[in-house]
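*Asks:* Throughout, this note's numbering is defined as the position within the sequence shown, counted from one, plus 1210. For each residue, glycine too, the CB sits at the ideal point set by N, CA and C.
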Amino acid sequence: MDQTAPVADSLLLHGDRIAAVGSEQVNRYLEELDTSGGISAILRLGNLLSVQRIDIQGRTVLPGFIDAHSHFPASGLASTGLNLSPEHEQIKTIDELLSRLSEASRQHPTSRWLLGFNYDNALLEESRHPTREELDRAAPEHAVYLWHRSGHMGVANSQALIELGYDPTRIGPQLNLPVGGAAGRDEWGRLNGLLQEKAAPGLRRLIHEIPIWKLPAVFFAARDDYLSVGVTTVQNGYADRTIMRILSWAQRLRLLKQRVVLWPAHNKLTDNSLLRADVQSSEMGMAGPAQTLAEWIGWPQTQQQRIAISAIKLIADGSPQGRTAYMTRPYLPHPAVCNHYRGIPIVPEAQLHEQILQYHQAGVQLAIHGNGDAAIDSIISGLQAAQEKAPRVDARHMIVHAQTIRQDQLQALSDLQATVSFFPSHTYYWGDWYRHQIFGEFRARRISPLKSADENGVRYSLHSDSPVTAMRPMQMLWSATNRRTLSGYELGPDEIIDRQRALRALTIDAAWQSFLEHDRGSLEAGKLADLIVLSENPLTAADVRRIDVEQVWIGGSRVYTKAAIPAREVR
């Protein structure tokens, strides 16, 4: 994965680092030991008296995948409630969903809440959300909340609405509906149960309703799932102080095998010292603010290899699949919205610009959630104004998702030396939905414009946004290089990229976005020995989705094994 030598036949590990790459370099490294180098092998140098050779027998070794953006360990929440994911449970209709809910209600008669995770109205035959009244009938004795897989909305029954502070019997506006939030209504003007954006409860609120004895399962389920697909650096892309401390302690206690990157959420920060004007950025990007946050959270900087603070997370809008991404042109007509509906800006533009300027002046990297092109306009104008007022070199500010980013916006980002983390699996899961229900053909084929980003000189990564979609790097690779929808339709073939480019976006470019390219993301001498062994070569395999991750190594130690590969001492 080193661009100057993209393919090598052997690898030497020494301690937690890669010592040499390629048989020539390996042999030179071991020459004084009078030990032959490996061919198609991983060699592990235990000490100067012992060299272990592991013949990978035609398999392929890659750098471990870098999670460019997800919400680790939120994917594990499905293990504590109803997993309503279409892939997991094959739920295709609202009746099937309600049947599953009724069954859970009978099985847990004493529970106060029933929580469901990852339902998706776009993939149900009815193409709609379940209603408050339907949930009331399915589980009349419980407060019910179903979390939409987008993370931007959900549906509550009457009891849950009351618990969340809403009046399900009120006709007309809810007096306490927050700015930046929206709620669906029935034909009488009452809440129909759908809560969107800031009106919906966050994951932290839902976690309060999960029995405490179930919470460890959340962490371990997510850890093991990410590990099984080759992710060696995980990310929490909207972290509050509690989750940062939990993950810090998990690292200290060695409960977490992977490395962690944190994006603290702007609206969860309470320590204004982060924005000290005298903070200076360094070659590591945001060492000053990172130190401030590290002290605030309570871990030593010596942990930075295991858990690193990266960008501060801001949110500009919602999600296109829920019609809450903020667009310049209206969505396709829909009975639930007016004909000229363009989505929701989460914060006013002036407020967003103020936030951008504060962090930019403080030397902090920003990761800004923006899906709709109107939201992206606001982000770009904010970045331009901040850079003009306080010029910085290599700030690496990024837009996260950027589903509907335009050509002129890509050029503006290139001029700013900003970056994007794309969500390529939208083409697969929601491409048909976008064509027929959300945008129409012309705009739908432009989502996730990876090829255009390359042509405009914008460096980017690929992400899953787990638990929005499962953490599956090979699915991301497939989507980026095929752009097929669930129906098999090829959506925007002009934006297809090749596999080599997609692999870089899952490894070294994802590391670069967090200022971590110096020690991970590629197989180079001196970097951390974080690597994976695959059953096939992803550059040549017929279907990359069928490739298995057979082993995962982190810091020179094997931490996951699906297929045993014998090792032998060569000295």
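1. Quick check: the stretch 1731 to 1748 against the stretch 1264 to 1280, are there 3 or more CB pairs under 8 angstroms?
2. Alpha carbon to alpha carbon, how far is Ala1752 from Arg1653? Give it in angstroms, no decimals.
3. Grab me the residues of Asp1488's own chain with a C-beta within less than 7 angstroms of its C-beta, minus the 5 sequence neighbours each way, in chain order.
4. With 16 other CB atoms within 10 Å as the buried threshold, where does Gln1461 fall?
5. Whole angstroms are fine: how far does the CA of Ser1280 sit from the CA of Ser1676?
6. Are the beta-carbon atoms of Val1444 and Val1428 separated by less than 8 angstroms?
7. At what residue ranges does the stretch 1360 to 1414 contain a whole run of the beta strand (DSSP E), taking only runs of 3 or more?
8. Pick out the complete beta strand (DSSP E) segments inside the stretch 1428 to 1463, 3 residues or longer, and give them in chain order.
9. I'd like to check one pair, Leu1311 with Leu1324: are the Cβ atoms closer than 8 angstroms?
10. Specify the secondary structure class of Leu1542 as computed by DSSP and reduced to three states.
11. Work out the CA separation of Ile1742 and Leu1222 for me, nearest whole Å.
12. Hey, quick one: how far does the alpha helix (DSSP H) through Thr1691 stretch, first residue to last?
13. Using three-state DSSP, classify Ala1518 as helix, strand or coil.
14. Between Ile1757 and Leu1744, how many whole angstroms is the CB-CB distance? I'm expecting something under 8 angstroms.
15. Output the distance between the C-alpha atoms of Tyr1770 and Gly1225, rounded to the nearest integer angstrom.
16. Measuring alpha carbon to alpha carbon, tell me which residue in Ser1315, Gln1627, Pro1383 is nearest Met1608.
17. Can you give the Cα-Cα distance for Ala1366 and Phe1327, rounded to whole angstroms?
18. On the criterion of 16 or more Cβ atoms from any shown chain inside 10 Å, does Trp1640 qualify as buried, or is it exposed?
19. Please work out which residues of its chain come closer than 8 angstroms, Cβ to Cβ, to Asn1666, disregarding the five sequence neighbours upstream and downstream, and give them in chain order.
20. Can you give me the Cβ contacts of Leu1716 inside the same chain, cut-off strictly under 8 angstroms, excluding the 5 residues immediately before and after it?
21. What's the call for Thr1290, buried or exposed, on a 16-neighbour Cβ count within 10 Å?
22. Measuring CA to CA, which of Pro1776, Lys1772, Gly1765 is closest to Ile1228?
23. Quick one: what's got a C-beta closer than 6 angstroms to Trp1357's C-beta in the same chain, skipping five residues either side?
24. Determine the direct distance from the alpha carbon of Ala1284 to that of Ser1674, and round the result to whole angstroms.
25. Would you report the Cα separation of His1646 and Leu1701, rounded to the nearest angstrom?
26. Arg1714: buried (16+ other C-beta within 10 angstroms of its C-beta) or exposed?
27. Can you tell which of Ile1304, Pro1319, Ser1360, Thr1629 has the C-alpha that lies nearest to the C-alpha of Ser1337?
28. Using only alpha-carbon positions, find the residue among Gln1565, Tyr1541, Ser1631, Gly1528 that is nearest to Ala1585.
29. Rounded to whole angstroms, what is the Cα-Cα separation between Arg1539 and Arg1552?
30. Can you give the Cα-Cα distance for Leu1567 and Gly1440, rounded to whole angstroms?
31. With DSSP collapsed to three states, give me the class of Gln1617.
32. Count the other C-beta atoms from every protein chain shown that fall within 10 angstroms of the C-beta of Ile1453, then say buried if there are 16 or more, exposed otherwise.
33. Whether or not the stretch 1630 to 1638 and the stretch 1690 to 1710 are in contact is what I'm after, with contact meaning three or more pairs of Cβ atoms, one per stretch, closer than 8 angstroms; do they touch?
34. According to DSSP, simplified to helix, strand and coil, what is Val1603?
35. Measuring alpha carbon to alpha carbon, tell me which residue in Phe1649, Ile1517, Pro1426 is nearest Tyr1536.
36. Work out the CA separation of Ala1370 and Gln1710 for me, nearest whole Å.
*Replies:* The structure says:
1. Pairwise C-beta distances place the stretch 1731 to 1748 in contact with the stretch 1264 to 1280, as three or more of them are shorter than 8 angstroms.
2. Cα to Cα, the separation comes out at about 30 angstroms.
3. Because the pLDDT of Asp1488 is 33, which lies under 50, any placement of that residue in the model is unreliable, and the number read from its coordinates should be weighed accordingly. So the list is empty, once near-sequence residues are dropped.
4. The residue is buried, with at least 16 neighbouring Cβ atoms inside 10 Å.
5. Those two C-alpha atoms are separated by around 5 angstroms.
6. Contact: no.
7. DSSP runs (the beta strand (DSSP E)) wholly in the stretch 1360 to 1414: 1363 to 1366, 1391 to 1395, 1401 to 1407.
8. Runs of beta strand (DSSP E) with 3 or more residues, each lying fully within the stretch 1428 to 1463, are found at 1441 to 1449, listed in chain order.
9. Taking 8 angstroms as the Cβ cut-off, Leu1324 and Leu1311 qualify as a contacting pair.
10. Three-state result, Leu1542: coil.
11. About 14 angstroms.
12. Segment 1683 to 1692, the alpha helix (DSSP H) holding Thr1691.
13. The answer is strand: DSSP assigns Ala1518 an E or B state.
14. Rounded, the Cβ-Cβ distance is 5 angstroms, consistent with contact.
15. Roughly 18 angstroms between the two C-alpha positions.
16. Checking every option, the nearest Cα to that of Met1608 belongs to Gln1627.
17. Near 12 angstroms, if we compare the C-alpha coordinates of Phe1327 and Ala1366.
18. Its Cβ being crowded by 16 or more others within 10 Å, Trp1640 is buried.
19. Taken in chain order, the residues that qualify are Gln1617, Leu1620, Gln1621, Leu1623, Ser1624.
20. Answer for Leu1716: Phe1275, Ile1276, Ala1278, Ser1671, Leu1672, Pro1683, Met1686, Leu1687, listed in chain order.
21. Thr1290 is buried by the Cβ-count criterion.
22. The shortest Cα separation from Ile1228 among Pro1776, Lys1772, Gly1765 belongs to Gly1765.
23. Only Phe1327, Gly1364 meet the Cβ criterion.
24. Approximately 13 angstroms, taken between the alpha carbons.
25. Rounded to whole angstroms, His1646 and Leu1701 show a C-alpha spacing of 12 angstroms.
26. Result: buried.
27. The residue with the shortest Cα to Cα distance from Ser1337 is Ile1304.
28. Selected option, being the one with the closest Cα: Gly1528.
29. About 6 angstroms.
30. Rounded to the nearest whole angstrom, the C-alpha separation of Leu1567 and Gly1440 is 37 angstroms.
31. Of the three classes helix, strand and coil, the one that applies to Gln1617 here is helix, per DSSP.
32. In summary, Ile1453 is buried, with 16 or more beta-carbon neighbours lying within 10 Å of its beta-carbon over all protein chains present.
33. Judged by pairs of C-beta atoms under 8 angstroms, the stretch 1690 to 1710 touches the stretch 1630 to 1638, as three or more such pairs exist.
34. Looking at Val1603 - three-state DSSP - the assignment turns out to be coil, as it is neither helix nor strand.
35. Shortest Cα-Cα distance from Tyr1536 to any of Phe1649, Ile1517, Pro1426 involves Phe1649.
36. Gln1710 and Ala1370: Cα-Cα distance of roughly 48 angstroms.
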